[in-house]
Amino acid sequence: MDHNKLKETPLPHLYLISSGQENPDGGTLLLEQLNLLPRTLSCMVQIREKQLNAKQLLTLALKARACALPYGSMLLVNERIDIALAARLDGVHLPENGCYPDNLRPLAPKMIFGCSVHSPESLHLAEKSGADYLLFGPVFDTPSKRKYGAPQGLEKLGQICRISTLPVFALGGITPENGEFCMAEGAYGIAGLSIFKDTSRFVDTLEQFYRIVSP
Amino acid sequence: MIPSSPFLCVITDEALCPVTVAELVLKGGAAMIQLRHKSASGSQLFSWAVEIRKLCQKYRALFIINDRVDIAMASEADGVHLGQQDIPANVARKLLGKERIIGVSASSLKEALQAEKDGANYIGFGHIYPTVSKKKEFPPLGTEALQNAANSISLPIIAIGGVTLENAATLISCGATGVAVISAVSRTDDPSWAASELVAALKWNNS
Chain Y
5 MDHNKLKETP LPHLYLISSG QENPDGGTLL LEQLNLLPRT LSCMVQIREK QLNAKQLLTL
65 ALKARACALP YGSMLLVNER IDIALAARLD GVHLPENGCY PDNLRPLAPK MIFGCSVHSP
125 ESLHLAEKSG ADYLLFGPVF DTPSKRKYGA PQGLEKLGQI CRISTLPVFA LGGITPENGE
185 FCMAEGAYGI AGLSIFKDTS RFVDTLEQFY RIVSP
Chain V
-5 MIPSSPFLCV ITDEALCPVT VAELVLKGGA AMIQLRHKSA SGSQLFSWAV EIRKLCQKYR
55 ALFIINDRVD IAMASEADGV HLGQQDIPAN VARKLLGKER IIGVSASSLK EALQAEKDGA
115 NYIGFGHIYP TVSKKKEFPP LGTEALQNAA NSISLPIIAI GGVTLENAAT LISCGATGVA
175 VISAVSRTDD PSWAASELVA ALKWNNS
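Here it is as structure tokens:
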């Protein structure tokens, strides 16, 4: 692979996904979370708010971009490279049914492109099209994914991590208690959504995760 | 480039395969296709867009994509059509550059003037007549509002909403450069024929 990655700084090992409950009128949980991020704790942050229209999403992305994030952090948006370009974000996260990175890379050679994968087949497609990292899940049971059936489990996570040449973030029901098992299976890092919604415990949770994912 | 007046723009119908509809109506003489599908996935939209772009090149028609500036950029469509809930036209302009076409939906003169200021290339104005294709939150604007908009802005106006064979020429005489339809062609047994009839109807009392 010789595509043009942001290689100077390695990807952070923690990955925060926005709640999916952002209100179009502002006063958002995401901004609260971003402002709570400890200065020394770099983080991948994906804005994923499918209920917002493009105009609202752009407004949120611009507000998020205006937050001072810890050094090395990367701010991404789900699917929409137009929003990422307009708000000068660091990357785009592509769902399994989205465009492939090589469809979009020419538009933004220096951006980070991540892909959600749920099987070895989609992993290969993502690798082939030049993804920078993968998001795999749900590893454990999680309320936000229950409608899609049973979780994938640790064994499948391990299988994906062993065949992947890219960093794999484990997602879905991961807690400070079970996170170590994901890392033991070869995950590069840990991603979460629901667990980060409680802002009173946000910093605590992040710091606990950070101890687990730190190499 | 916006097609020369009067022309027919066909917006793809969510219930049908957009590539099939596009090919049929291009054969019938549509000069502009707008790919609009709110529920399709990104990869699906992208592959449709690549196909429809090829068809539009073959028929020398304009190809634009509704809302998804990202897909328009990735598929090298001729442009985008933006609603009031989409990325603002001035932002889209920075992303797309000077050459691409940006259209903006307006349902009032105020919105049309704002779109002109934001660097739009044309205005989609409507709905002029009652329509079944989309649920509407306001009554039809009528031809007077269309005339008023055409007199007040210098951009081409595409009239939309309830366009039929009977009223198409009226819309042109009220100052519309073209008309846009969804159901009037796609919900017929023969979309090619329906499109060609509409193209002919646009010129009826327009000599």
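Chains Y and V supply the protein sequences, listed in that same order. Each residue of the first sequence is one higher than the last, beginning at 5 in the working numbering. Each residue of the second sequence is one higher than the last, beginning at -5 in the working numbering. Every residue gets a Cβ at the ideal spot worked out from N, C-alpha and C, and that includes glycine. As the structure is a computational prediction, the values presented were derived from the model and not from experiment.
**Request:** Can you grab the Cα-Cα spacing for the pair E26(Y) / T164(V), in whole Å?
**Result:** 45 Å
**Message:** Let me confirm a value: R62(V) is counted as buried when at least 16 other C-beta atoms fall within 10 Å, else exposed. Which label applies?
**Reply:** buried
**Request:** Using a Cβ-Cβ cut-off of less than 9 Å, list which residues of the segment 67 to 91 of chain Y approach chain V; keep chain order.
**Result:** E83, R84, I85, D86, I87, A88, L89 and A90
**Request:** Compare the C-beta of E93(V) against all C-beta atoms of chain Y and say whether one is closer than 9 Å.
**Result:** no
**Prompt:** Does DSSP put P47(Y) in a helix, in a strand, or in coil?
**Reply:** Just to set this straight, residue 47(Y) is Cys in the shown sequence, not Pro. C47(Y): coil per DSSP, three-state reduction.
**Item:** Start-to-end residues for the beta strand (DSSP E) that takes in F173(Y)
**Value:** V172 to L175
**Asked** Counting along the chain, where does the beta strand (DSSP E) carrying M78(Y) start and finish?
**Response** M78 to N82
**Message:** For the segment 192 to 203 of chain Y, list every residue whose C-beta sits within 9 Å of some C-beta in chain V, in sequence order.
**Reply:** none
**Request:** Decide yes or no for the touch test of the segment 176 to 195 of chain Y against the segment 136 to 152 of chain Y: beta carbon pairs closer than 8 Å, at least 3 of them.
**Result:** yes
**Request:** For Q38(V), decide whether its Cβ has a neighbour in chain Y, counting only Cβ atoms nearer than 9 Å.
**Result:** yes
**Prompt:** So which residues of chain Y does I81(V) contact, with C-beta pairs closer than 8 Å?
**Reply:** A58, K59, L62, D86, I87 and A90
**Prompt:** How would you label N82(Y), buried or exposed, when you count the other beta carbons within 10 angstroms and need 16 or more for buried?
**Reply:** buried
**Message:** I'd like the span of the alpha helix (DSSP H) that includes G97(V), first residue to last.
**Reply:** Per DSSP, G97(V) belongs to no alpha helix (DSSP H); it is in the beta strand (DSSP E), I95 to A100.
**Request:** Give every residue of the same chain whose Cβ lies closer than 7 Å to the Cβ of A71(V), excluding the five residues on either side of it in the sequence, and list them in chain order.
**Result:** A43, R47, F57, I58 and I59
**Message:** Please report the distance separating the alpha-carbon of P155(Y) from that of A188(Y).
**Reply:** 18 Å
**Cutoff 9 Å: G102(Y) Cβ touching any chain V Cβ** = yes
**Prompt:** Taking 9 Å as the CB-CB cut-off, is N8(Y) touching chain V?
**Reply:** Caution applies to N8(Y), whose pLDDT of 44 falls short of 50 and renders its modelled position unreliable; the value that the coordinates give is listed next. For N8(Y), the answer is no, since every Cβ of chain V falls outside 9 Å of its Cβ.
**Message:** Under 8 Å, with one C-beta from each stretch per pair, do the segment 90 to 98 of chain Y and the segment 108 to 124 of chain Y reach the 3-pair mark?
**Reply:** yes
**Asked** Does DSSP put L197(Y) in a helix, a strand or coil?
**Response** coil
**Message:** Here's the rule I'm using: 16 or more other beta-carbon atoms within 10 Å means buried, otherwise exposed. How should Y152(Y) be labelled?
**Reply:** exposed
**Candidates S41(V), L18(V) and C50(V): closest to M26(V) by CA position** = C50(V)
**Request:** From the DSSP output, in three-state form, read off G113(V) for me.
**Result:** coil
**Asked** Which chain Y residues are close to D61(V), counting only those with a beta carbon under 9 Å from its beta carbon?
**Response** N57 and A58
**Request:** Assess, as a yes-or-no matter, whether the segment 72 to 89 of chain Y is touched by the segment 46 to 58 of chain Y under the definition of 3 or more beta carbon pairs within less than 8 Å.
**Result:** yes
**Message:** On the criterion of 16 or more Cβ atoms from any shown chain inside 10 Å, does R92(Y) qualify as buried, or is it exposed?
**Reply:** exposed
**Asked** Thinking C-beta only, is A153(V) closer than 9 Å to C168(V)?
**Response** yes
**Request:** Return the residue from the list L89(Y), E100(Y) and G102(Y) that minimises the CA-CA distance to L90(V).
**Result:** L89(Y)
**Asked** Leaving out five residues before and five after D208(Y) in sequence, what residues of the same chain have Cβ atoms less than 8 Å from its Cβ?
**Response** none
**Request:** For chain Y, find out if any of its Cβ atoms is closer than 9 Å to the Cβ of Q28(V); answer yes or no.
**Result:** no
**Asked** Got a sec: is the Cβ-Cβ distance from Q78(V) to anything in chain Y below 9 Å?
**Response** yes
**Asked** Anyone know if the C-beta pair for I81(V) and D136(Y) falls short of 9 Å?
**Response** no
**Three-state secondary structure (DSSP) of H75(V)** = strand
**Message:** Once DSSP output is grouped into helix, strand and coil, what is the label at A153(V)?
**Reply:** strand
**Asked** In chain order, what residues of the same chain lie with their CB nearer than 7 Å to the CB of G183(Y), ignoring the 5 residues before and after it?
**Response** I194, F213 and I216
**Prompt:** Which bits of chain V does L34(Y) rub up against, with CB to CB less than 9 Å?
**Reply:** Within chain V, no residue comes near L34(Y); the closest Cβ sits about 19 Å away, beyond 9 Å.
**Prompt:** Hey, out of L192(V), L196(V), A195(V) and S180(V), whose CA is closest to E17(V)'s CA?
**Reply:** S180(V)
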